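Enquirer: Here it is: the structure, laid out below.
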Amino acid sequence: MNRGDVSNVNSTMKRLWRVTEVLAWTAFFAFAALVLALRFWVLPDIERYRGEIVSGVSAALGVQVKIGAIDAGWDGLRPQVGFSDVRLYDREGREALVLPRVENVIGWRSLLRRELTLHSLAIEAPRLVVRRDAAGAFYVAGLKLGTEPGDGHGTDWLLAQSEITVRGAEIEWRDELRNAPPLALSALTLRLRNSGDEHSIGIVARPPAELGSSLELRAELGGRTVNDLAAWNGRVYAELGYTDLAAWRPWVDYPVNLRQGQGALRVWASLRNGRVTEGTADLSLTGVRASLADYVEPLELVSLEGRIHGRALDDGVEISGRELALVMETGPAIPRTDFQIVWRPQAGGALSASLIDLEATADLVDALPVPLQLVHALRELKPRGRLADSRLEWSGPFDAPTKMSARSRFSDLALRPRDGVPGFSGLAGTLEATEAKGTVSLNARKAEVELPGVFPAPRLPLESLHGRIE
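For the sequence shown, this note's numbering assigns the number 2 to the initial residue and increments by one for each residue that follows.
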């Protein structure tokens, strides 16, 4: 490149820089002029623009709106407009909602979008009714949420605002689909933050005293419109302070028939395409009465603590527990354990547990929806002892597996004799087995073997027992 070319390039760059500088200063002065106009002419005389403001709010929400008083100020460099005595009307012209005070901080994006866009919206002390009718349609303060294309315009507009805060609200939930009594929540605070299709929501409220001390809900969700809730994904968190879980049954569907139970509860759930696909619950409950199936005995627990996790699989379900401990009304307590159950009715599954107390588990089985063959076998064998680091896996149906493997460590193991098979007690060792072969290693002291019908004294005490059986 010669000197002439270099000179031309430099000259062009200087001109571009000068044009950019002029445009930047022009934009700055235009913005400054706009701010000054708003500060000294528009906002001090905001009442002159009442008609345009009411029309803009009505168009944004998709409902008729009336505003009692309007005032204006500044939140930093953003104009702030306050509404008092805001009234929303339904499609029949009936008053549906009264808001004592609404604070709006207007975003400068409104200039680019040519529609009302808020940096923040704060609503003070609203009182409203949220209802689900017998057909499953939802209403907020008499205003129907969108179920047809275009019906959710107002709700979608709210989801497009940067931040919405509600303080000191009183909400009444009426579920006509469940035919449930009204549920009132007071001292409710809500914060909704939106960024495109990503939405973060937090709710803290006080339920009626007979239902509990506190309620907290949080959610991180992704979705574009309320007209297509089936496309939403994300996670939801709920926490209940000390509460009577059974008292919530009119409004909540539990996975089991919960008749009684008090305590604290925390729940996490994952949503995929509008459906719950995974859930985790931290439990600290007392006085639990529940039925896990219609054909089993009620489950009666003095206490239940730990974490339970459930996940839907394409062809089955996975259930696991962590640090789970149960104290039953009758029988020994079940010590803390971690477990996992993978159940695929046709493909196979797996059972594993860090610790199993056989005697306590046998007492619990009567309340579990397990095969009757297993229940009868446990009643006859009367197992005792503990299994540690146990795992059972199988392929194919549970009652006719094509492959199987099992392993466990056991201590103080005892079984009653049955069908010619000797009984024993005090055994310790390890077990590894497949559908083709198995190995048992024994390392026990003060054990007994019971051989009824073989010796006059069927119990044979053994000072020690060591060996390997294959």
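Using N, Cα and C, we set each Cβ at its ideal position, and we do this for glycine too. Bear in mind that the values here come from a model prediction, so they are computed numbers and not experimental data.
According to DSSP, is Glu-436 part of a helix, a strand, or is it coil?
Expert: The residue you call residue 436 lines up with position 435 of the sequence shown. Correct three-state label for Glu-436: coil.
Enquirer: So what does DSSP say about Glu-360, is it helix, strand or coil?
Expert: The count along the sequence shown starts at 1 and reaches residue 360 at position 359. Here Glu-360 sits in helix by DSSP.
Enquirer: In terms of alpha-carbon separation, which member of Pro-209, Gln-162, Ala-434, Thr-190 lies closest to Pro-182?
Expert: The residue you call residue 182 lines up with position 181 of the sequence shown. Selected option, being the one with the closest Cα: Pro-209.
Enquirer: Among the residues of its own chain, which have a CB less than 6 Å from the CB of Gly-280, if the five just before and after it don't count?
Expert: Sequence index remark: in the sequence shown, residue 280 carries index 279 (1-based). Ala-270, Gly-311, listed in sequence order.
Enquirer: In this structure, how does DSSP classify Glu-381 when only helix, strand and coil are distinguished?
Expert: Residue mapping note: residue 381 aligns to position 380 of the sequence shown, counting from 1. Looking at Glu-381 - three-state DSSP - the assignment turns out to be helix.
Enquirer: According to the Cβ coordinates, are Gly-66 and Val-82 closer than 8 Å?
Expert: Here residue 66 refers to the residue found at position 65 when the sequence shown is read from its first residue. Here residue 82 refers to the residue found at position 81 when the sequence shown is read from its first residue. Rather than Gly, the amino acid found at residue 66 in this sequence is Val. Contact flag unset, no.
Enquirer: Among residues of its own chain, excluding the 5 on either side of Leu-160, which ones have a beta-carbon nearer than 7 Å to its beta-carbon?
Expert: One-based indexing of the sequence shown puts residue 160 at position 159. Cβ neighbours of Leu-160 beyond the five flanking positions: Asn-195, His-200.
Enquirer: Within 10 Å of its beta-carbon, does Asp-358 have 16 or more other beta-carbons around it, so buried, or fewer, so exposed?
Expert: Along the sequence shown, read from residue 1 onward, the residue named residue 358 stands at position 357. Under this definition Asp-358 is a buried residue.
Enquirer: Inspect the CB distances between the segment 403-421 and the segment 367-376 and report whether three or more fall short of 8 Å.
Expert: Because the criterion of three Cβ pairs below 8 Å is not met, the segment 403-421 and the segment 367-376 do not touch.
Enquirer: Using the three-state DSSP reduction, which class does Gly-427 fall into: helix, strand or coil?
Expert: Here residue 427 refers to the residue found at position 426 when the sequence shown is read from its first residue. Correct three-state label for Gly-427: strand.
Enquirer: Since Leu-186 and Ile-202 are thought to touch, with beta carbons under 8 Å apart, how far apart are those beta carbons, to the nearest angstrom?
Expert: Mapped onto the sequence shown, residue 186 falls at position 185. Mapped onto the sequence shown, residue 202 falls at position 201. Actually they do not touch by this definition, with Cβ atoms about 15 Å apart.
Enquirer: Are the Cβ atoms of Leu-272 and Trp-233 separated by less than 8 Å?
Expert: Counting from 1 along the sequence shown, the entry for residue 272 is found at position 271. Counting from 1 along the sequence shown, the entry for residue 233 is found at position 232. Cβ atoms of Leu-272 and Trp-233: closer than 8 Å.
Enquirer: DSSP on Val-82, reduced to helix/strand/coil?
Expert: Start at 1 with the first residue of the sequence shown, and residue 82 comes out as number 81. Strand, per DSSP.
Enquirer: Within its chain, find whatever has a CB closer than 6 Å to the CB of Val-205; leave out the 5 residues flanking it on each side and keep chain order.
Expert: Numbered from 1 along the sequence shown, position 204 holds the residue referred to as residue 205. Excluding sequence neighbours, Val-205 sits near Thr-190, Glu-217.
Enquirer: Whose C-beta lies closer than 8 Å to the C-beta of Asp-72 among residues of the same chain, with five residues either side of it excluded?
Expert: If you number the sequence shown from 1, residue 72 lands on position 71. Here the set comprises Ile-47, Val-82, Gly-83, Ser-85.
Enquirer: Give me, in chain order, the residues of the same chain whose beta-carbon lies closer than 8 Å to that of Thr-90; leave out the 5 immediate sequence neighbours on both sides.
Expert: Taking the sequence shown and counting its residues from 1, the one referred to as residue 90 is at position 89. One point to set straight first is that residue 90 is Tyr, not Thr, in the sequence displayed. Closer than 8 Å at the Cβ level, and outside the excluded window around Tyr-90, lie Val-64, Gln-65, Val-66, Lys-67, Glu-96, Ala-97.
Enquirer: Residues bridged to Arg-345 by DSSP?
Expert: As a position in the sequence shown, residue 345 is number 344, starting the count at 1. Bridge partners of Arg-345: Gly-349.
Enquirer: Look up Glu-53 in the DSSP assignment and say whether it is helix, strand or coil.
Expert: Locating residue 53 in the sequence shown gives position 52, counting from the first residue. Glu-53: helix per DSSP, three-state reduction.
Enquirer: Quick check: what's the CA-CA separation for Thr-435 versus Ala-265?
Expert: Along the sequence shown, read from residue 1 onward, the residue named residue 435 stands at position 434. Along the sequence shown, read from residue 1 onward, the residue named residue 265 stands at position 264. If you take the alpha carbons of Thr-435 and Ala-265, they lie about 43 Å apart.
Enquirer: Look at the Cβ atom of Ser-412, then the Cβ atom of Lys-404, and state whether they are nearer than 8 Å.
Expert: Here the question's residue 412 lines up with position 411 in the sequence shown. Here the question's residue 404 lines up with position 403 in the sequence shown. In this structure, Lys-404 does not lie closer than 8 Å to Ser-412 by Cβ.
Enquirer: Between Glu-306 and Ser-285, is the Cβ-Cβ spacing less than 8 Å?
Expert: The residue you call residue 306 lines up with position 305 of the sequence shown. The residue you call residue 285 lines up with position 284 of the sequence shown. Contact flag set, yes.
Enquirer: Smallest Cα separation from Glu-449: which of Thr-440, Leu-432, Ala-437, His-467?
Expert: Counting from 1 along the sequence shown, the entry for residue 449 is found at position 448. Residue His-467 is the option with its Cα nearest to Glu-449.
Enquirer: Tell me where the beta strand (DSSP E) around Glu-464 begins and ends.
Expert: Start at 1 with the first residue of the sequence shown, and residue 464 comes out as number 463. Counting along the chain, the beta strand (DSSP E) containing Glu-464 begins and ends at 460-470.
Enquirer: Let's test the definition: count the other Cβ atoms within 10 Å of the Cβ of Ile-470 and tell me whether it reaches 16, buried, or not, exposed.
Expert: In the sequence shown, counting from the first residue as 1, residue 470 sits at position 469. Burial call: exposed.
Enquirer: Taking the alpha-carbon of Asp-400 as reference, which of Ser-409, Leu-452, Trp-344 has the nearest alpha-carbon?
Expert: On the sequence shown, position 399 is the one that residue 400 refers to. Ranking Ser-409, Leu-452, Trp-344 by Cα distance to Asp-400 puts Trp-344 first.
Enquirer: Counting only the same chain and skipping the five closest in sequence on each side, list residues whose C-beta sits under 7 Å from that of Ser-442.
Expert: Along the sequence shown, read from residue 1 onward, the residue named residue 442 stands at position 441. Cβ within range, chain order: Gly-430, Thr-431, Arg-469.
Enquirer: Just to confirm my understanding: we take Ala-361, look at its own chain, exclude 5 residues before and 5 after, and list those with CB closer than 7 Å. What are they?
Expert: One-based indexing of the sequence shown puts residue 361 at position 360. Excluding positions up to five away in sequence, the list reads Gly-332, Pro-333, Ala-334, Ile-335.
Enquirer: Please say whether Val-303 and Glu-330 have beta carbons closer to each other than 8 Å?
Expert: Counted from its first residue, the sequence shown places residue 330 at position 329. Counted from its first residue, the sequence shown places residue 303 at position 302. Yes, they are a contact pair.
Enquirer: Mind checking whether Leu-393 and Ala-351 have CB atoms under 8 Å apart?
Expert: Within the sequence shown, numbered from 1, the residue matching residue 393 stands at position 392. Within the sequence shown, numbered from 1, the residue matching residue 351 stands at position 350. Cβ distance < 8 Å, so Leu-393 and Ala-351 count as in contact.
Enquirer: For the beta strand (DSSP E) containing Ser-412, name the first residue and the last one.
Expert: As a working mapping, residue 412 is identified with position 411 in the sequence shown. It spans 404-416 - the beta strand (DSSP E) in which Ser-412 sits, taken as one unbroken run.
Enquirer: With DSSP collapsed to three states, give me the class of Thr-226.
Expert: Stepping through the sequence shown from its first residue, residue 226 is reached at position 225. Three-state DSSP puts Thr-226 in coil, outside helix and strand.
Enquirer: Express the C-alpha separation of Leu-300 and Leu-293 in angstroms, rounding to a whole number.
Expert: Start at 1 with the first residue of the sequence shown, and residue 293 comes out as number 292. Start at 1 with the first residue of the sequence shown, and residue 300 comes out as number 299. Leu-293 and Leu-300: Cα-Cα distance of roughly 7 Å.
Enquirer: Please classify Leu-375: is it buried, with 16 or more other beta-carbons within 10 angstroms of its beta-carbon, or exposed?
Expert: In the sequence shown, residue 375 corresponds to position 374, counting from 1. Exposed, by the Cβ-count rule.
Enquirer: Quick one: Cα of Gly-288 to Cα of Arg-260, how far?
Expert: By one-based count along the sequence shown, residue 288 stands at place 287. By one-based count along the sequence shown, residue 260 stands at place 259. Approximately 10 Å, taken between the alpha carbons.
Enquirer: Please classify Ile-320: is it buried, with 16 or more other beta-carbons within 10 angstroms of its beta-carbon, or exposed?
Expert: Looking up residue 320 in the sequence shown gives position 319. So Ile-320 counts as exposed.
Enquirer: Quick check: the Cα distance between Glu-451 and Lys-383, rounded to an integer number of angstroms?
Expert: Taking the first residue of the sequence shown as 1, we reach residue 451 at position 450. Taking the first residue of the sequence shown as 1, we reach residue 383 at position 382. In a straight line, the C-alpha of Glu-451 is about 14 Å away from that of Lys-383.
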